[in-house]
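The C-terminal position of the sequence shown is numbered 375 in UniProt numbering, with every residue numbered one higher than the one before it.
All C-beta atoms, glycine included, are put in the ideal place defined by N, C-alpha and C.
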Amino acid sequence: MVVVAMKIRIEGDIDIAKLVMKLSPISFCSSAADRPLITFSAGFKLNQLKRERRSGNFVCRAASSVAIRDLDADDIRHPLDRQNTLILKAIPGLNEIGKALLGSVTEQVMLLENIGTSVLVSKNQLPELHELMIEAASMLNLEAPDLYLRQSPVPNAYTLAISGKKPFVVVHTSLVELLSRKELQAVLAHELGHLKCDHGVWLTFANILTVGAYSVPGIGGFIAQQLEEQLFRWLRAAELTCDRAALLVARDPKVVISVLMKLAGGCPSMADQLNVDAFLEQARSYEKASSSAVGWYIRNAQTKQLSHPLPVLRAREIDEWSRSQEYQSLVKRVQAQAQAQIRMIEGLNQGSISMELYCKLLKCHRGLPHSTDLG
């Protein structure tokens with residue numbers, strides 16, 4: 001989910017005091033056996049490593065935080081997302097104009113709102129949740145944004161990034177209660193996917209174009225309606241892209257699908273009775289039922305104004321992508337980088353490389369942001 005808030009004037013006549021799009025819940029980890037990685041998590045400090053070496057208790061910790069080096073947003077973009085993003089990028093100066101219009105005021109307003117009403121997650125505040133975010137961001141080659149936990153009975157999570165200077169993610173407490181830790185990290189990865197692909201920026205531009213069309217006399221309403229339909233198609237495609245980001249971090253499609261299933265109809269007290277395979281079969285049933293001419297019409301009418309694809313369709317999409325050559329090639333890249341890290345760790349154990357050199361190589365192989373704390 002992306003939240004966009006803005007205050008602008010178009011043509012001097014239309015005042016959009018608060019155009020705030022709060023889209024419906026995004027929805028989403030992985031068994032360790034499916035993640036063939038051995039490395040140190042981003043928070044494993046060099047001083048701690050030295051202490052363990054001196055005490056003779058040096059242990060190579062299994063973790064899931066190997067990044068895909070040089071991961072580009074287009075590596076995970078859904079085709080429809082890519083197509084619509086190219087259309088927006090083709091408009092000369094749109095990027096610069098949009099950021100100039102919005103500036104940093106909206107982000108500042110939302111920042112103060114979060115600080116005043118939510119809990120800022122850090123290594124000293126909800127450290128387990130903090131570590132989930134740090135790992136997920138590292139794996140996607142992103143610097144971790146601020147993470148806030150907000151009290152709410154509605155399971156939800158959302159991201160804001162307009163000027164790109166101070167992005168943040170908000171997670172509701174009820175979502176934390178509903179999901180396992182692995183599933184929760186997949187949700188965080190989904191939100192990070194929006195940042196990876198600059199969805200907040202492009203969503204803002206799309207809204208500007210739509211509202212501007214309404215100001216055109218005569219055919220403005222018709223143009224705006226067409227733009228809105230195109231916008232919703234892109235929004236749904238953007239969510240499919242971010243489900244892929246969730247899978248890259250989870251490395252297990254069943255974890256991502258489990259989140260979708262729980263958001264569709266899960267409750268903490270009966271979570272152990274939910275069946276991912278049955279939910280996938282339900283998705284196939286939906287495809288079959290909507291394959292006729294009448295079924296297609298009904299399905300189109302149901303989804304036309306939705307910002308998110310139906311949960312069953314998202315489940316089917318992520319299941320299919322997990323079997324694709326595109327996804328498998330990304331996994332192989334991670335495996336190759338993991339093996340390189342294992343060789344570095346072995347060299348460290350044998351004394352053939354220094355700890356300082358190891359940490360420099362680790363940062364290089366994982367593609368970590370330079371601000372990541374390695375000691």
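* Who are the near neighbours of HIS78 in its chain, counting only those whose CB is closer than 6 Å to its CB and skipping five residues on each side? -> Reading the sequence shown from its first residue, position 78 is the one you call residue 78. Closer than 6 Å at the Cβ level, and outside the excluded window around HIS78, lie ALA237, LEU240, THR241.
* **Environment of THR117 [buried if 16+ CB atoms lie within 10 Å]** => Walking along the sequence shown from the start, residue 117 turns up at place 117. Its Cβ having fewer than 16 others within 10 Å, THR117 is exposed.
* Compare the beta carbon distance of HIS130 and ARG150 with 8 Å and say whether it is the shorter of the two. => Within the sequence shown, numbered from 1, the residue matching residue 130 stands at position 130. Within the sequence shown, numbered from 1, the residue matching residue 150 stands at position 150. Going by C-beta atoms, HIS130 is not nearer than 8 Å to ARG150.
* Asked: When DSSP labels each residue in this structure, what does ASP72 get in the three-state scheme?
  -> Position 72 of the sequence shown, counting from 1, holds the residue named residue 72. In the structure shown, ASP72 sits in coil (DSSP, three-state: anything other than H, G, I, E or B).
* Asked: On the three-state DSSP scale, how would you describe HIS308?
  -> Counting from 1 along the sequence shown, the entry for residue 308 is found at position 308. Looking at HIS308 - three-state DSSP - the assignment turns out to be coil, as it is neither helix nor strand.
* Asked: CA-CA distance, LEU330 and ILE134?
  -> Translated into positions along the sequence shown, residue 330 becomes position 330. Translated into positions along the sequence shown, residue 134 becomes position 134. LEU330 and ILE134: Cα-Cα distance of roughly 20 Å.
* **Option in LEU248, GLU177, ALA245, LEU111 with minimal Cα separation from PHE168** => Working through the sequence shown from its first residue, we reach residue 168 at position 168. For PHE168, the nearest C-alpha among the options comes from LEU111.
* On the three-state DSSP scale, how would you describe ARG244? -> Residue mapping note: residue 244 aligns to position 244 of the sequence shown, counting from 1. The answer is helix: DSSP assigns ARG244 an H, G or I state.
* Opposite LEU147 in the DSSP bridges: which residues? -> Here residue 147 refers to the residue found at position 147 of the sequence shown. Per DSSP, VAL169.
* To do: Would you tell me roughly how many angstroms separate the C-alpha atoms of GLN316 and LYS166, rounded to the nearest one?
  => Here residue 316 refers to the residue found at position 316 when the sequence shown is read from its first residue. Here residue 166 refers to the residue found at position 166 when the sequence shown is read from its first residue. It is Arg, not Gln, that sits at residue 316 in the sequence shown. The straight-line gap from Cα to Cα measures roughly 34 Å.
* Is ALA90 helix, strand or coil when you go by DSSP? -> As a first step, residue 90 must be located in the sequence shown, where it is residue number 90. Coil.
* **Whole-angstrom distance between LEU184 and ALA264, CA atom to CA atom** => Translated into the one-based positions of the sequence shown, residue 264 becomes position 264. Translated into the one-based positions of the sequence shown, residue 184 becomes position 184. Those two C-alpha atoms are separated by around 15 Å.
* **ASP81 vs TRP321 beta-carbon contact at 8 Å** => Along the sequence shown, read from residue 1 onward, the residue named residue 81 stands at position 81. Along the sequence shown, read from residue 1 onward, the residue named residue 321 stands at position 321. No, the pair does not count as a contact, with Cβ atoms beyond the cut-off.
* To do: Using the DSSP secondary-structure output, state which residues sit across from SER122 in a beta bridge.
  => Along the sequence shown, read from residue 1 onward, the residue named residue 122 stands at position 122. In the DSSP output, where bridge partners are listed per residue, SER122 has GLN125.
* At which residues does the alpha helix (DSSP H) containing LEU260 begin and terminate? -> On the sequence shown, position 260 is the one that residue 260 refers to. Looking at the DSSP string, the run of the alpha helix (DSSP H) that includes LEU260 is 253-265.
* Asked: Starting from ALA278 and walking both ways along the alpha helix (DSSP H), at which residues does that stretch end?
  -> Taking the first residue of the sequence shown as 1, we reach residue 278 at position 278. Counting along the chain, the alpha helix (DSSP H) containing ALA278 begins and ends at 276-289.
* To do: Output yes or no for whether 8 Å exceeds the beta carbon distance between SER174 and PRO145.
  => Numbered from its first residue, the sequence shown carries residue 174 at position 174. Numbered from its first residue, the sequence shown carries residue 145 at position 145. It is not a contact, given that the beta carbons lie outside the stated cut-off.
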